[in-house]
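Numbering (the working numbering), first residue to last: 71 to 351.
All C-beta atoms, glycine included, are put in the ideal place defined by N, C-alpha and C.
Worksheet: one structure, shown below.
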Amino acid sequence: MTIVTRPPAACLIGWPAAHSRSPLIHHYWLRTLGIDGGYVIEAVPPDEFQDFVFRLSLRGFVGANVTRPHKERALELSKPDDRARAVGAANTLWYRDGELCSTNTDVEGFINNLDASAPGWDEAEDALVLGAGGASRAVVFGLIERGIKRVHLVNRTMTRAEAVADQFGARVQPVAWDAIDGLLRRARLLVNTTSLGMPGQPALELDVSLLPPQAVVADLVYVPLQTPLLAAAQARGLKTADGLGMLLHQAVRGFELWFGQRPEVTPELRELVEADLVTKV
Ligand code: ATR
Numbered sequence: 071m072t073i074v075t076r077p078p079a080a081c082l083i084g085w086p087a088a089h090s091r092s093p094l095i096h097h098y099w100l101r102t103l104g105i106d107g108g109y110v111i112e113a114v115p116p117d118e119f120q121d122f123v124f125r126l127s128l129r130g131f132v133g134a135n136v137t138r139p140h141k142e143r144a145l146e147l148s149k150p151d152d153r154a155r156a157v158g159a160a161n162t163l164w165y166r167d168g169e170l171c172s173t174n175t176d177v178e179g180f181i182n183n184l185d186a187s188a189p190g191w192d193e194a195e196d197a198l199v200l201g202a203g204g205a206s207r208a209v210v211f212g213l214i215e216r217g218i219k220r221v222h223l224v225n226r227t228m229t230r231a232e233a234v235a236d237q238f239g240a241r242v243q244p245v246a247w248d249a250i251d252g253l254l255r256r257a258r259l260l261v262n263t264t265s266l267g268m269p270g271q272p273a274l275e276l277d278v279s280l281l282p283p284q285a286v287v288a289d290l291v292y293v294p295l296q297t298p299l300l301a302a303a304q305a306r307g308l309k310t311a312d313g314l315g316m317l318l319h320q321a322v323r324g325f326e327l328w329f330g331q332r333p334e335v336t337p338e339l340r341e342l343v344e345a346d347l348v349t350k351v
């Protein structure tokens, strides 16, 4: 009898299956690490998501990334870790002893990118975070886990900032948008988690000259790669961490969970994805 074993494969589940850089990233690691494996995009509409996830391993997958609009449902259908639970959304699924587990790798993507791009950033006592959606919860969770003393949270809709503060406790303080200038003067870390600055969105208008000279500025937006916020911060000589760096770092954990080796975010990988962003935006 011939036993045919297929190489392990993971997938990205989304609807619509928008152009994603994840296959490029995972194929690069599979190739450079010499692993016989695969990573494909699966377009799955919301009413088929549950069935797809229940049959994930029957379909031959060792795990998956999950993107819009399925991240909340993925959390419900799996055993989430603390990070996924805190963020309220799962973006990575894998099996442990046959059980479907989930995490949210945006937390470590954000933190590891800061460590790589702006070492020493965690000396910050006061961080200013803009936005109060899912990305903001991943950032806030990471900052608190890392021991940042105070996270000031500014959002257009104050009630959403208050909800995040209620969830994470006294270290997170919701603040009205028009109080930004005062906070910029003491923020050692500024993080944009809003969609402001993306194509088709209004610009993020902030006076970075108010930040202290040791401040670090992070923007989760990666299209465009160099956001006006990052450009202004760099022009002032401040350290920055960009959204592409976070995207690359958040992919590490999934790859490690599915294929058993921890890959590295190399300059070569960054160049590869940068080139793709430039040609296919
Ligand atoms: P994600 O999961 O990526 O964080 P989200 O939950 O839709 O996405 O959150 C988007 C964030 O960008 C929110 O903080 C949103 O502010 P509101 O809570 O007030 O909606 C913010 N945002 C989006 N467009 C904005 C705009 N034009 N001005 C200010 N904030 C904006």
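Does the ligand ATR have a heavy atom nearer than 6 Å to the CB of residue 43? The structure shown has nothing for residue 43, since the chain only spans 71 to 351.
Expected contact under 8 Å - CB spacing of residue 315 and residue 290 to nearest Å: Looking up residue 315 in the sequence shown gives position 245. Looking up residue 290 in the sequence shown gives position 220. Not a contact, Cβ separation roughly 10 Å.
For residue 333, count neighbouring Cβ atoms within 10 angstroms of its own Cβ and tell me buried if that reaches 16, exposed if not. If you number the sequence shown from 1, residue 333 lands on position 263. Answer is buried; the Cβ neighbour count reaches 16.
Say whether the segment 184 to 197 touches the segment 234 to 250, bearing in mind that this needs 3 or more beta-carbon pairs closer than 8 Å, one atom from each stretch. no
Quick one: give me the first and last residue of the alpha helix (DSSP H) that residue 172 is part of. As a first step, residue 172 is located in the sequence shown; it is residue number 102 there, counting from the start. The continuous stretches of alpha helix (DSSP H) do not include residue 172, which lies in the beta strand (DSSP E) extending over residues 169 to 173.
Check whether the segment 173 to 181 and the segment 145 to 157 are in contact - that is, three or more C-beta pairs closer than 8 Å. yes
What does DSSP give as the partner residue(s) for residue 220 in the beta ladder? What you label residue 220 is simply residue 150 of the sequence shown in a count that begins at 1. According to DSSP, which records beta bridges pairwise, residue 220 is partnered with 196.
When the Cα of residue 217 is compared with those of 205, 229, 242, which residue comes out closest? Taking the sequence shown and counting its residues from 1, the one referred to as residue 217 is at position 147. Checking every option, the nearest Cα to that of residue 217 belongs to 242.
DSSP state of residue 338 mapped onto helix, strand, coil: For this step, residue 338 is matched to residue 268 along the sequence shown. DSSP places residue 338 in helix when its eight states are reduced to three.
Residue 107: beta carbon under 6 Å from a heavy atom of the ligand ATR? Mapped onto the sequence shown, residue 107 falls at position 37. Answer for residue 107: no, Cβ out of range of the ligand ATR.
Assuming the contact rule is C-beta atoms closer than 8 Å, residue 222 and residue 198 should be a hit. Round their C-beta distance to whole Å, please. Indexing the sequence shown from 1 puts residue 222 at position 152. Indexing the sequence shown from 1 puts residue 198 at position 128. About 5 Å separates the two Cβ atoms, so the contact holds.
The alpha helix (DSSP H) that contains residue 291, what's its start and end? Within the sequence shown, numbered from 1, the residue matching residue 291 stands at position 221. Counting along the chain, residue 291 falls outside any alpha helix (DSSP H), and DSSP gives it neither H nor E.
Any idea if residue 133 is buried or exposed, counting beta-carbon neighbours within 10 angstroms, 16 or more meaning buried? Within the sequence shown, the letter at position 63 stands for residue 133. By the 10 Å Cβ count, residue 133 comes out buried.
Neighbourhood of residue 306 by C-beta, 7 Å cutoff - its chain only, sequence neighbours within 5 removed: Sequence index remark: in the sequence shown, residue 306 carries index 236 (1-based). Excluding positions up to five away in sequence, the list reads 278, 279.
Is it buried or exposed for residue 124, if we count other Cβ within 10 angstroms and need 16 for buried? Residue 124 sits at position 54 when you count from the first residue of the sequence shown. Exposed, by the Cβ-count rule.
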